[in-house]
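Below: one structure, written as structure tokens.
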Amino acid sequence: MRVRFAPSPTGLLHVGGARTALFNWLIARRTGGVMVLRLEDTDRERSTAESEAQILRSMEWLGLDWDEGPFRQSARDDVYRAAIDRLRASGAVYPAWETDAEMEAQREAARADRRAPVVRGRRDWSEDDLARFREEGRRPVWRFAVDPEGATVIDDLVRGEVTFPHHSVEDFVVARSDDTPTYNLAAAVDDHDMRISHVVRGEDHLSNTPKQMMVIRALGGTPPEYAHIPLILGPDKKRLSKRHGAASVEELRDAGYLPAATMNALALLGWSYDDKTTLMSVPELVERFSITRVSRSPAVFDLKKLDHINGRALRRMPDAEFAEVLVAWLGGQGFFERHGAGAEDLVRRTVPAVKRKLTRLDEYELLAGWLFGPLEMEDEAWETLRADVRQSIQVIGAGLGRLDGVHDWTADAIKEVLQDQLHILGSNARDFLEPQRIAVTGRRISTGVYESLVLLGRDEALRRYRETLGRLAEIWVA
RNA sequence: GGCGCAUUCGUCUAGGGGCCUAGGACGCCGCCCUCUCACGGCGGUAACGCGGGUUCGAAUCCCGCAUGCGCUACCA
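Here it is as structure tokens:
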């Protein structure tokens, strides 16, 4: 199958666009077909190079590659011009000389009349009128002459047969008064010209489809198959946009989601393999995807589900691979600029301690950030200790006493000694171990006690014990 | 207003007349696992928008209503 992803470079690649790209890519890869990338930048005002670069970057990050393109519509003017000429020659389009105000009046009248607000231009201007228009410097737009009788039927791969009666389809503009092509012309011409076999795009294009089919037919071609996939909504059920947060692919990357997990979650928006499969690798998605199993109703994008899928993907990874991914991500976030290149070694050593607990890579600083600087007691953690100062001093003091005697600074040795002390005190695990951990990490949330102590090293660990004990003693006296 | 699309747990979904006293996943709640959080295990909470048909039988088919969304530009 020959498919295409055709974004307009007027903004970020968001979750909805990425999912459209993904579906197309899955189809191409699954069928051994071709993925065409086309930038629809006929709107020169709104299209930007930054947006284009961002879209390409996002696709590369996800691993969505393409076989042909990127083609830019702005560079294919001659193709559209030729198509428009042919449409003129065959009488499929006609020049419309009406002003905007006149067309608007036509729509208003129809609306008031409870009819479809469609516009049709006059085709019987007198020579005098035309001469006058030219004299005024008026330039016509070219409209497609829609046959008002009949209807266009789309045999949509996901929605079934959808019929659009022509009385509700207006004579849409095909060439602007400055002779540039409009979207409906360019998209149709390109799909035909690039021999696209299946157009898979958002449902918001459904009502454009009859127009594009008419253009292709007027050009003597056969329209491709169409599949209109449901829109992706925000939690408020409105179409997903920036204000919903984490809606763009780059935000997802910066939040520490993996490309594979993102694809997995995106694929599940409007598509399912069966009644119980959630976790799938990219090769599995390629093998299992089927456009006919795409649902017809819109889906709300839920970060919680992505979190879950991401966490599972992270934990499933071998330590070595996880380390590479972590280091690369932290690098991209400027972590090593802040903590020095030497921090990389320490980061790698934290991998086993951190892998089990991470859901997203951006939680790394939350869990292990305390390791990369002097002891800083955060307020919440300090509160837990000072809730019962006497108890804290006693428990932490006891821990320090035992640890001081440990010279073989390994997790096992530390655990053995601390567990032993725990039993001697007859305290429960939480009351005894949590203060130990807070004493050296200064955090309520962090890597586990034993591994944290090992990571710190004996000297620094004991030093931190004493520092915390000292602070506790100060308020105890007061 | 017009045209089109949609409507199963809070969310993603399975389901195409009897297998459904509606299944899975996320979330949430509870319990367990002698390190908070997390991870893991176990259990629980929770849905077929409404009204008419068709049928022996409807979440599944038909009609109407309601609601939501999309399009309604010389934007894409």
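Going by the numbering used here, the first sequence opens with residue 307, and the numbers climb by one from there. Beta carbons are placed, not taken as given, at the ideal position from N, Cα and C, and that holds for glycine.
Candidates the options: closest to residue i by CA position
i    : options                : result
R770 : R743, Y756, I781       : R743
L572 : K543, V606, P541       : V606
E684 : L575, R750, P536       : R750
P315 : V342, Q360, A334, R336 : Q360
D269 : F470, L677, D406       : There is no way to answer for residue 269, as the model of the chain reaches only from 307 to 784.
I597 : W688, D608, L574, L585 : L574
I460 : S483, M519, D434, R545 : M519
S554 : L362, K543, E689, V588 : L362
P536 : E556, R465, L564, A649 : R465
V480 : I390, L539, V506       : I390
R292 : E780, G456, R736       : Outside the shown range of the chain (307 to 784) lies residue 292, about which nothing can therefore be said.
E356 : M341, L318, G339, R335 : L318
G427 : R440, R438, A411       : A411
L664 : V695, L632, F642       : L632
R310 : A533, D718, G576       : A533
L393 : R449, G339, D406       : R449
D765 : L332, L463, D710, L585 : D710
D694 : W715, G576, F738, D477 : F738
E374 : S364, S752, A407, V340 : V340
E455 : E669, E441, F470       : F470
P680 : H645, M586, W577       : H645
M307 : E441, L512, E531, D581 : E531
D406 : D419, R440, S483, L673 : S483
Residues near residue i in its chain [Cβ-Cβ closer than 8 Å; skip 5 each side]
i    : result
L775 : I699, I702, G703, L706, A745
P658 : D625, E757
K721 : Y756
T354 : P315, T316
R772 : L706
Enclosing alpha helix (DSSP H) for residue i [first to last residue]
i    : result
F841 : Lying outside 307 to 784, the shown extent of the chain, residue 841 is not represented and no answer is given.
E589 : Checking the sequence shown, residue 589 turns out to be Pro, not Glu. Start and end: 588-594.
A626 : 625-638
F471 : Correcting the residue identity first, residue 471 is Pro in this sequence and not Phe. No alpha helix (DSSP H) contains P471, which is instead part of the beta strand (DSSP E) from 466-471.
G707 : 695-709
M788 : It is not possible to answer for residue 788, since the shown part of the chain is limited to 307 through 784.
L436 : 433-442
A784 : Element bounds for A784: n/a, residue is neither H nor E.
V368 : In the sequence under discussion, the amino acid at residue 368 is Leu, which differs from the Val named in the question. Per DSSP, L368 belongs to the alpha helix (DSSP H) from 355-368.
Y489 : 489-499
K721 : 717-731
D560 : 555-560
W688 : 685-692
E682 : That residue, E682, is in no alpha helix (DSSP H); it is neither H nor E in DSSP.
K661 : 649-661
N790 : Examination of residue 790 is not possible in this model, given that the chain is present from 307 through 784 alone.
F678 : Looking at the DSSP string, F678 is not in any alpha helix (DSSP H), and its letter there is neither H nor E.
H645 : 641-645
A571 : 565-573
Terminal residues of the beta strand (DSSP E) in which residue i lies
i    : result
F607 : Where F607 is concerned, there is no enclosing beta strand (DSSP E), given that its DSSP letter is neither H nor E.
H534 : 531-535
V321 : Here V321 belongs to no beta strand (DSSP E); instead the alpha helix (DSSP H) covers 321-337.
F311 : 308-311
H504 : 504-508
T458 : 457-462
R344 : 340-345
A481 : 479-481
Residues of its chain near residue i, where Cβ-Cβ distance is below 7 Å and the 5 sequence neighbours each way are ignored
i    : result
M409 : V425
A687 : I744, G748, R749, R750
L759 : I720, V746, A767
G322 : G508, L537, I538, L546
E358 : P315, L345
M569 : L328, L368, V588, L591
R352 : T316
A398 : F450, A451, A524
Cut-off 6 Å between Cβ atoms - residues of its own chain near residue i, not counting five sequence neighbours on either side
i    : result
A416 : P423
V452 : H472, V475, D477
H320 : A553, S554
Just checking, does the region 590-603 make contact with the region 401-415 on the three C-beta pairs under 8 Å criterion?
no
Starting from the N-terminal side, write out each stretch of the alpha helix (DSSP H) that is 4 residues or longer and does not extend beyond the region 377-414.
383-396
Report the start-end ranges of each alpha helix (DSSP H) in the region 738-767 that is 4 residues or longer and not cut off at the edges.
755-762
Mind the definition here: the region 518-531 touches the region 325-339 only if three or more C-beta pairs lie below 8 Å; say whether that holds.
no
Can you find at least 3 beta carbon pairs, one from the region 490-508 and one from the region 437-445, that sit closer than 8 Å?
no
Assess, as a yes-or-no matter, whether the region 360-371 is touched by the region 612-628 under the definition of 3 or more beta carbon pairs within less than 8 Å.
no
Any 3 or more C-beta pairs closer than 8 Å across the region 374-388 and the region 344-351
yes
Given 8 Å as the limit, is there contact between the region 653-667 and the region 723-731, that is, 3 or more CB pairs closer than that?
no
Taking one C-beta from the region 491-505 and one from the region 380-399 each time, how about it: are there three or more such pairs within less than 8 Å?
yes
For the pair the region 561-568 and the region 614-623, tell me if three or more CB-CB distances fall below 8 Å.
yes
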